[in-house]
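Worksheet for the structure shown next.
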Amino acid sequence: MCIVNNFDYNADGLINWRDLINSLILIQSLPTNDDNIQDLCNQLPLDKENFMEAPAWFDELEINADNENALKFERAREIKRLIFEVNSFDSQISKECLGHALRKTIPLGEFLRNYV
Numbered sequence: 409m410c411i412v413n414n415f416d417y418n419a420d421g422l423i424n425w426r427d428l429i430n431s432l433i434l435i436q437s438l439p440t441n442d443d444n445i446q447d448l449c450n451q452l453p454l455d456k457e458n459f460m461e462a463p464a465w466f467d468e469l470e471i472n473a474d475n476e477n478a479l480k481f482e483r484a485r486e487i488k489r490l491i492f493e494v495n496s497f498d499s500q501i502s503k504e505c506l507g508h509a510l511r512k513t514i515p516l517g518e519f520l521r522n523y524v
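Under this note's numbering, the first residue of the sequence shown carries the number 409, and numbering increases by one thereafter.
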């Protein structure tokens, strides 16, 4: 129940599922400041193809550092795909929508390490 309380802004038992999902998607790469969000949002509105190519603060943070024999997994690309799918409308993602959503991400990593 504690995790839900972090997203129940009006204390009415309702949460915006996008805020929860965005926090889970960015669990290891939360925006460190508003400039991170603004730099990404300044490139919007974009369709999915262009959004996938847009630089983001987590591109360097999410480089695959697995064992050299492991299957390659493009974490940053998958994060972008998920962010787009969760926050886009009519196959476009808007500056206002994404900026608002990313500003509501919270650090769930610490919570999950302590309570799960």
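Where is the CB? At the ideal position from N, CA and C, for every residue including glycine.
Cross-strand partners of residue i (DSSP beta bridge)
i	result
aspartate 455	Gln500
Inter-residue CB distance, residue i and residue j (contact presumed, cutoff 8 Å)
i	j	result
arginine 483	methionine 460	Incorrect: roughly 13 Å between the Cβ atoms, too far for contact.
isoleucine 429	valine 494	5 Å
isoleucine 487	glutamate 470	6 Å
Secondary structure of residue i, DSSP reduced to three states
i	result
serine 431	helix
glutamate 476	coil
phenylalanine 415	coil
glutamine 436	coil
phenylalanine 492	helix
tryptophan 465	coil
isoleucine 471	coil
isoleucine 487	helix
aspartate 420	coil
asparagine 441	coil
Beta-carbon spacing of residue i, residue j below 7 Å
i	j	result
serine 502	proline 453	yes
phenylalanine 497	lysine 456	no
leucine 516	isoleucine 435	yes
threonine 414	isoleucine 514	For the sequence presented, residue 414 should be read as asparagine rather than threonine. Yes.
leucine 438	alanine 464	no
aspartate 443	lysine 512	no
Check: residue i C-beta below 6 Å from any heavy atom of the ligand GTP
i	result
glutamate 486	In the structure shown, the ligand GTP is absent, as is every other ligand, since no ligand is present at all.
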